[in-house]
Structure formats: structure tokens, C-alpha cells
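If you read the sequences in order, they're chains W and B. Each position in the first sequence, counted from 1, maps to that position plus 408 in my numbering. Each position in the second sequence, counted from 1, maps to that position plus 408 in my numbering. Idealized CB from N, CA, C, for every residue including glycine. Treat the numbers as computed from the prediction; the structure is a model and nothing was measured. Read through the structure below, which is laid out as C-alpha cells, and then see the notes.
Protein chains: 2
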Amino acid sequence: MDAPTEPKRRNAPKTRAAILAAAQQAFADIGYSQAGIREIAAIAGVSSTLLLRYFGSKAGLFEAALTAAMPMDGLLTQNARDSFGEHLTRLFLDATLDIKAPSIVVLSIGDADGRGIATRVTEERVLQPLAAWLGPPDARARAFQVIMLAMGFVLCTRQIPLMPAARGIDRKTARWFAEAVQGVVDQSDGAGARGATRPARSRHRAAIPKP
Amino acid sequence: MDAPTEPKRRNAPKTRAAILAAAQQAFADIGYSQAGIREIAAIAGVSSTLLLRYFGSKAGLFEAALTAAMPMDGLLTQNARDSFGEHLTRLFLDATLDIKAPSIVVLSIGDADGRGIATRVTEERVLQPLAAWLGPPDARARAFQVIMLAMGFVLCTRQIPLMPAARGIDRKTARWFAEAVQGVVDQSDGAGARGATRPARSRHRAAIPKP
DNA sequence: GACTTAAGTTATCACTTGATAACTTAGCGC
DNA sequence: GCGCTAAGTTATCAAGTGATAACTTAAGTC
């Protein structure tokens, strides 16, 4: 017994949205290269050729799905700099929110096309707004550091089941992550405006080779 | 003009080693799903069926290649805890060392088989020895944190060209990473034995949800 | 020096993939 | 109600995948 309300009425915007939603789910579950267009089309309830007619190619669908899955606006519009790390952590851990974008990126860099698109979308929709929001000094480098932390977090908690706990993480590690992110946010011109701005002070600071 | 010294003499161990080396390179370059056995066999100078006879299947070859690419022994045998973060950073940034294992893992989690094998090998060959080396408190959680940092680092510096500099990283970020890793290592029972043990102290510590 | 085993190859299978061409049908304007 | 456009389908292609069977040839042994 399917939904008897709308059996097979034609509705282009709704169909397009269904394809996009199915694509987001599939790409977030198994990544770009493993998700087939037939499979995605079947989930959306259409044929694969229609999917291609809407989005041109699998790569076009991927770009559209990934772009639509980036929730940066809601994260950065607020001025709550003090709770950014905690907010981001909760965003990633809350299963009901189900933030798909980082999983899509992490699972799709293995493919050349997927990596290229993911890089471009991350650059435009995450790195640039995040750097602008963080501000000087080293806005771009600090935004990069936040992305680095987030990627590692999502990769290790969602994809590699190394930790036995639910969602692959313990509370101490969750708090450690939140504070690591917050530490990057708090690096302002005063260099240590509030507490320790750097993760730790090693005795071996000068030995990192020039990249 | 090929090497006239050994044109086509049969040598099983050398052939096996050549296949393994080609596989490591290919998996580190394009990941598990994108690297074909024909391609790997061609680089090694053999046919694909011979490759399968040596390693049983593509998954078997992948496991062998990844296991052989894990250089944890040399990293953990020394007792230089003070310079671990710096040492790890240099290991990842030095192009001449060319540590392939993390790239292989990062590029291969998009495939179900690759992810399973990568998870198991990482658990056995990285997480467990690293946790034993770190010691209490929270040995396993802290080892997990180090792996998280390393994965994000390798993913963002090698695979996603977000930063314009060589090797995808600037010196400040390299130092920040080294100190973040060192901060995890330095978390001993005294909780802050040397400088700040946590990346930063947020005012919002209790708000992380239980995972 | 024939025999045997291991090293290595060619030919092929069964399957999946993204993509295209040609066809059908529903909906809306007049 | 007729017709045009857009929505959607089936059938198919061409290429690439991992894997298997059967065959060939080199190397060591008695």
C-alpha cells in the first residue's frame, strides 16, 4: 500500500527535490564513486535517465547535492563566538540533525571527480565564509585548521568505528574536540585573549620544517 | 632500452615485492576503488592474474599493501615523548619520507571493502600500539584523538588543495598541529604536567551532549 | 636430460557502470 | 478538444570491473 494521495502525478519541482534528497542520502552513506545513478533514481522513484536530464551528469548531481547540504549559513550568522566549538560539536554529534555534507566530502575524495567538486564547494561555501567570520589574524589558516579538525572528527567518528561508544566517541573526546575548535576561534590579535590560545606549548617549536 | 641486467628472469620474491610496491603507490594515489588490478599489475610489470594468484583478491592485496605501509614501529619505539608532535608533523610534511599509509586510508574509506580493511588494520597496527605507548589516563581515547588529528591533517593537506602553499600547509598551521598532537600526548595523570594540556578552556564545558 | 613444480601468460566470463537515442504520455493554453 | 511542450519511460551502447580456466614456459632435482 503506497501513498494513495499522489500516485503518479507529474510534478517537476517535487521530483527534482526527491532526486536531490536521495542523492544526498546516498552520497553521504556510500560516497560518490559507490553510489550509482540507478540506485539513487530508484530511491527517488524515477528512472536514471530522468535524473541525468535534470542534472546533466552524475558529477552535476553530486555538485548540486553537496552544495545543498552545506549548512554554513545557520552556523555563522550568529555572533556567538564563545560557544562555536561546542556548537559545532553538538552539530556533528546530534543524530537528529544529520549533517550530511562532511560525510559526503570524506567519502568522496577517493574519486577524482568527487574530490575536485568537493574541493571547490568546500573552498567557496566553507573556507571563505569561515575565514571571513573568524577574521584576522591568519583568517584563512585558522579556517583551514577548523576544517582540518572537522574532517578528522567526522572521518573517525562516523566512518571508522574505532571507538566502541555510540556515534564512535566518548564524552572526554567530545569535550576535547570542542575545546580544540574553540582554541582556534579564540586566537585573536592579543594572542591569548582568554586562557590558553594554543593547544599546548612544546619545547620544540623551531624544528618544524618549512613547507 | 630497458634494464639489460635482468630482462625476464623469474624471481618470485622480487615480483611479489614489485606488486606490493606498485599497489602501495596506486592505493596512496587514487584509493582502493579507483585503483584497478590491471593498472597495478602493469606498473609492477606483470599480468593481473599473477597479482591475484599472489594475493588472492584485490582486497587481499589491499590489506597486504596497507599493512606493509604502516610505519608505527619506528615512531613509537623511541621514548621521546616531548617531541612526538613535532616528530609526527615532520613525518607527514617531509616529502622524501613519503608516508603512504594515511593517504591510503583516507582515499579508501569510500569503498565498503576498503573501509573495513582500513579500519581493522588501523585498529591493530595504530590504535592499539599508540594507546599502549601513551598510557593512562584514557589511553585509548587519547590515541583516538591523535588518529583524528592525523587523519584530518593528511586529508586536508594532501587531498584537498585548499591552501596555496606547498604540501598544502603554512608554517603556523604546521606548528599548531604539532602542538595540538603534543597536547594530547602530554595529558598525564597530573592533568597539565607541562603547560596547558587542553587546547583551550571554554566557558561552556558542560554543554556537550552525551554521545 | 626427462620430470615436476612453480611462475607467468592469454583469452574470456559475468557483471556493473554512466550515458544516449528514441519513444510515450501527461498537463496546460487557446 | 486540439496541440504543443515538458515530464518520464524503455531499450541499448560502450567501456571497464574483478575474477576464473586453461595454457605456456622457466627453473630446480634426481
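Going along the chain, which unbroken runs of the beta strand (DSSP E) with 3 or more residues stay wholly within the segment 447 to 488 of chain B?
-> Fully enclosed beta strand (DSSP E) runs of 3 or longer: not present.
Where does S441 (chain B) fall in DSSP's three states?
-> If DSSP states are grouped into helix, strand and coil, S441 (chain B) belongs with the helices.
T527 (chain B) by DSSP, collapsed to three states: which one?
-> DSSP places T527 (chain B) in helix when its eight states are reduced to three.
Using a C-beta to C-beta distance shorter than 9 angstroms, which residues of chain B count as neighbours of T527 (chain W)?
-> Per Cβ cutoff of 9 angstroms: Q567, I568, P569, L570.
Out of W:A588, W:A520, W:T527, which has the shortest C-alpha to C-alpha gap to Y440 (chain B)?
-> Minimum Cα distance to Y440 (chain B) is reached at W:A520.
Excluding the 5 residues preceding and the 5 following A429 (chain B) in the sequence, name in chain order all residues of the same chain whose CB lies nearer than 8 angstroms to its CB.
-> Taking C-beta separations shorter than 8 angstroms and ignoring five residues to either side along the sequence, the partners of A429 (chain B) in its chain run A452, following chain order.
Option in W:G464, W:L538, W:N419, W:A547 with minimal Cα separation from T485 (chain W) = Nearest of W:G464, W:L538, W:N419, W:A547 to T485 (chain W), Cα basis: W:L538.
Under 8 angstroms (Cβ pairs) to chain B, residues found in the segment 539 to 564 of chain W | Listed by position, the residues of the segment 539 to 564 of chain W near chain B (Cβ gap below 8 angstroms) are D546, R548, A549, F552, Q553, I555, M556, L557, A558, M559, G560, F561, L563, C564.
In chain B, which residues lie with their C-beta within 8 angstroms of the C-beta of G464 (chain W)?
-> Chain B residues near G464 (chain W): none, gap ~22 angstroms exceeds 8 angstroms.
Would you report the Cα separation of R579 (chain W) and P545 (chain B), rounded to the nearest angstrom?
-> When rounded, the distance between both Cα atoms is 14 angstroms.
Alpha-carbon to alpha-carbon, T565 (chain B) and P572 (chain B) = One C-alpha to the other measures close to 10 angstroms.
Assigned secondary structure, L570 (chain B) (DSSP; H/G/I helix, E/B strand, else coil) | Three-state DSSP puts L570 (chain B) in coil, outside helix and strand.
The alpha helix (DSSP H) with Q590 (chain W) in it runs from where to where?
-> That run of the alpha helix (DSSP H) goes 579 to 593.
What are the boundary residues of the alpha helix (DSSP H) that includes V562 (chain B)?
-> For V562 (chain B), the enclosing alpha helix (DSSP H) has its first and last residue at 547 to 562.
Nonlocal neighbours in the same chain, by C-beta distance under 8 angstroms from H495 (chain W), ignoring five residues either side | These residues qualify, in order along the chain: L483, A488.
Using the rule of at least 16 other Cβ atoms within 10 Å of the residue's Cβ for burial, across every protein chain shown, is P510 (chain B) buried or exposed?
-> Counting the other Cβ atoms within 10 Å of the Cβ of P510 (chain B) gives 16 or more, which makes it buried.
Using Cβ-Cβ distances below 9 angstroms, what residues of the segment 429 to 442 of chain W are close to chain B?
-> Cβ contacts with chain B come from I438, G439, Y440, S441, Q442.
Leaving out five residues on either side along the sequence, give the residues of the same chain with a beta carbon under 7 angstroms from the beta carbon of N419 (chain W).
-> None.
Can you tell me whether A540 (chain B) is buried or exposed, with buried defined as 16 or more other CB within 10 angstroms of its CB?
-> Flag for A540 (chain B) reads exposed.
With distances taken between CB atoms, is the gap from T530 (chain W) to V513 (chain W) smaller than 9 angstroms?
-> Result yes, Cβ atoms of T530 (chain W) and V513 (chain W) sit closer than 9 angstroms.
Using three-state DSSP, classify L428 (chain B) as helix, strand or coil.
-> Here L428 (chain B) carries a helix assignment [DSSP, helix/strand/coil].
Inspect the beta-carbon positions of A477 (chain B) and K508 (chain B) and report whether they are closer than 9 angstroms.
-> In this structure, the beta-carbon distance from A477 (chain B) to K508 (chain B) falls below 9 angstroms.
Option in W:P421, W:L563, W:D481 with minimal Cα separation from R523 (chain B) | For the residues W:P421, W:L563, W:D481, the minimum Cα distance to R523 (chain B) belongs to W:L563.
Classify R583 (chain B) as buried or exposed, calling it buried when 16 or more other Cβ atoms lie within 10 Å of its own Cβ.
-> With 16 or more other Cβ atoms within 10 Å, it is buried.
Return helix, strand or coil for R533 (chain W), following the three-state DSSP convention.
-> In the three-state scheme derived from DSSP, where H, G and I count as helix and E and B as strand, R533 (chain W) is classed as helix.
Contact under 9 angstroms by Cβ, Y462 (chain W) with T504 (chain W) = No, the Cβ-Cβ distance between Y462 (chain W) and T504 (chain W) is not below 9 angstroms.
Taking all protein chains shown into account, do 16 or more other C-beta atoms lie within 10 angstroms of the C-beta of G543 (chain B), making it buried, or fewer, making it exposed?
-> Exposed: under 16 other Cβ atoms inside 10 Å.
Beta-carbon separation (whole angstroms), I448 (chain B) vs A436 (chain B), contact threshold 8 angstroms = Rounded, the Cβ-Cβ distance is 12 angstroms, inconsistent with contact.
Give the DSSP-derived three-state secondary structure of A420 (chain B) in the structure shown.
-> Of the three classes helix, strand and coil, the one that applies to A420 (chain B) here is helix, per DSSP.
Cα separation between D490 (chain W) and A588 (chain W)?
-> Roughly 13 angstroms between the two C-alpha positions.
Reduced DSSP secondary structure (H/G/I, E/B, other) of A503 (chain B) | The three-state reading of DSSP puts A503 (chain B) in coil, since its state is none of H, G, I, E or B.
Report the rounded CA-to-CA distance for F500 (chain W) versus G444 (chain B), giving the unit in angstroms.
-> Near 34 angstroms, if we compare the C-alpha coordinates of G444 (chain B) and F500 (chain W).
Cutoff 9 angstroms: A520 (chain B) Cβ touching any chain W Cβ | Yes, its Cβ sits closer than 9 angstroms to a Cβ of chain W.
Rounded C-alpha distance that separates T413 (chain W) from A425 (chain W) = At T413 (chain W), the pLDDT of 34 sits below 50, so the modelled position is not reliable and the matter cannot be decided from this model.
Minimum C-alpha distance to T527 (chain W) - residue among B:L458, B:I568, B:T475, B:Q442 = A check of alpha carbon separations from T527 (chain W) across B:L458, B:I568, B:T475, B:Q442 identifies B:I568 as the nearest.
Cβ-Cβ distance between Q590 (chain B) and G518 (chain B) below 9 angstroms | The answer is no: Cβ separation not under 9 angstroms.
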